[in-house]
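Line order of the protein sequences matches chains A and B.
Residue numbers for the first sequence follow the working numbering, beginning at 131 and rising by one.
Residue numbers for the second sequence follow the working numbering, beginning at 1353 and rising by one.
Glycine included, each C-beta is placed from N, C-alpha and C at the ideal position.
Note that the structure is a prediction, hence the values are computed from the model and not measured.
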Amino acid sequence: MSLELVFDYLVSPAFFHGAMLTLLITATSLLFGIIVGLVVALLQESRFRFLQGSTLVYLWLFRGTPVLFQIIFIYNVLPTFGIRLSAFVSAVIALSLNEGAYMAEIIRSGLQAVKKGQRTAGLALGMTRAAVMRYIVIPQAARIILPPIGNQMIGMLKTSALVSVVAVEELLLVANQTASSNFRYFEALTAAGIYYLALTTLFMVFQYFLERSLDPKRARRSQKSVPLLDRLTLITQQTESR
Amino acid sequence: MPTSVQPPLLELMGVHKSFGHYEVLKACSLGVKSRETVVIIGPSGSGKSTLLRCVNLLEPPDSGNIFFDGADITSDLRNATEIRRHIGMVFQNFELFQHLSAVENIMLAPMKVSGISRSDAHDIATDLLRKVHIPEKADFFPDELSGGQQQRIAIARALAMKPKLMLYDEPTSALDPEMIREVLDVMAELSSEGMTSIVVTHEMGFAKRAADQIVFMENGEVIENASSEEFFGGTVNERARRFLDQILH
């Protein structure tokens, strides 16, 4: 057991590169996942039966099969239909589509949590359905769905380890390969674990600031809040004048 | 010589509306002249609110015609969004946008519907907050305001679009008794300034004070349509009289 080796791994280009690739896969898949989820959630609200039906089939397929299966399927089966994608692209597509299915349900729950009367009030002011969605429903839904989306973000970071199965050089694969060459599993896995914790911490901080920025009352509070020093001076002055 | 110098601002002719097999409105007709305040009363389930929601096409009528400002607005429902810009509506549960402050609630439609600049919209909102007597609440959020304050902000929000007609759907039914007055006062002020209004309410005091015309509805039909003087002078339909006795205890 050597902490020095753990440190060496942490600063090694291979581990750093692996961690950055993990972050990249996670961030890209989340971004596309949220876009897919938003589109699917909005389609489910549409009046066209066909669109509603196709979203249900999509949700059924991607929530009903393992992510690992989806990754392997897209990487290995699509080429037989002439669609040849790099391991990285296949991985991101699989993760995005999988994530989109879960995001769609989260976003739908958020949209439904905004009371119907809010939409009616927007329509009564002469707003189009799209404007009502954009300026009234989505801003309110966003605050409701942020905590579950935070869960999904952290979940995705860990799920991204699965793409090692199609030989994307992400963090866990790097650690595993390093360890299998010299059997120093403790050091290699500890280094990977530290990276994972650092990244999840980063995500949690990001979520915290996102939640704060979506709190409409915060802007006003910070405007009116008096700096601590000024408050103390004020109190001292009041005490002195007595 | 015809006696009527101008056509009514709003005219409903034989408006029908059904939800499934339940016929909520049966051939309702009603005319509202410009600058007039019409109060609609009647037992719950009589179709008062549905009638109001037909006027701004939130509930498109199944048959019949609605003329607003000289045009048949029921002829092409694709114009509904455009029509609603000119008809303000106030709801029983206020329905202020929860993520926006009072002033932002008022600014939203002028900015996003009429394309007015933020600073101009802010000026409009500030004036309206003064008009509803709560300029000091501009930066408060709906959940920080009393029901009466919220409803007055909601009235200001509707006025921000400079509507030609205001619809009030039981505006004081969700309020604590001590807050009803402040909302009715604002509505009565608007009426006396010539804001054309249709008010669904049980507040007979307000009807006496502000209404030019009183409409009594029952089972989806307009039973009585009388001027305020006639109505309160006692020359009133028997069913309307019984309803009045009930709500006045």
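query, result
"Proximity test, Cβ basis, 7 Å: A271/A and chain B", "no"
"Chain B contact for G167/A (CB, 7 Å cutoff)", "no"
"Proximal residues of chain A, C-beta to C-beta of T1433/B below 7 Å", "G256, T258"
"Best match in P346/A, Q282/A, Y139/A for proximity to A309/A [C-alpha to C-alpha]", "Y139/A"
"Short CB-CB distance (under 7 Å) between G323/A and chain B", "no"
"Cβ pair count under 8 Å reaching 3, the region 1495-1503 of chain B against the region 1460-1479 of chain B", "no"
"Simplified DSSP state of F1568/B, which is helix, strand or coil", "strand"
"Positions along the region 1511-1543 of chain B whose CB lies within less than 7 Å of some CB in chain A", "M1513"
"Distance between N1577/B and M1353/B (C-alpha atoms, nearest Å)", "At M1353/B the pLDDT is 45, less than 50, meaning the model places this residue with poor confidence and gives no usable figure here."
"Per DSSP, cross-strand counterpart(s) of K1378/B", "None; K1378/B has no bridge partner."
"Inter-residue CB distance, T152/A and L301/A (contact presumed, cutoff 8 Å)", "4 Å"
"Exposure label - L292/A; buried when at least 16 CB within 10 Å", "buried"
"Opposing strand residues paired with E175/A [DSSP bridges]", "For E175/A, which the question treats as bridged, DSSP gives no partner whatsoever."
"Chain-ordered chain B contacts of L253/A [CB-CB under 8 Å]", "L1410, T1433, R1436"
"Per-residue contacts from Q1450/B into chain A (C-beta, under 7 Å)", "Q270"
"Opening and closing residue of the beta strand (DSSP E) in which H1368/B lies", "1362-1371"
"Inter-residue spacing [alpha-carbon to alpha-carbon] between H1554/B and S1386/B", "23 Å"
"Proximity test, Cβ basis, 7 Å: N1589/B and chain A", "no"
"M283/A beta carbon less than 7 Å from that of F218/A", "no"
"For F1449/B and I237/A, believed in contact at Cβ under 8 Å, the rounded distance", "Actually they do not touch by this definition, with Cβ atoms about 19 Å apart."
"Contact under 7 Å by Cβ, E1522/B with Q1444/B", "yes"
"Residue environment, K1489/B, which counts as buried when at least 16 other CB atoms sit within 10 Å", "buried"
"Cβ separation of S1543/B and A1512/B, assumed to be a contact under 8 Å, to the nearest whole Å", "Actually they are not in contact, since the Cβ atoms of S1543/B and A1512/B sit about 18 Å apart, beyond 8 Å."
"Reduced DSSP secondary structure (H/G/I, E/B, other) of S1549/B", "strand"
"Interface partners of Y265/A on chain B, CB under 7 Å", "L1460, K1464"
"Nearest candidate by alpha-carbon position, reference A1473/B, set F1558/B, L1480/B, M1459/B", "M1459/B"
"Test item: CB-CB of D1414/B and K1378/B under 7 Å", "no"
"Residue-chain proximity (E1447/B, chain A), Cβ-Cβ < 7 Å", "yes"
"The region 1410-1426 of chain B contacting the region 1533-1540 of chain B, beta-carbon criterion three pairs below 8 Å", "no"
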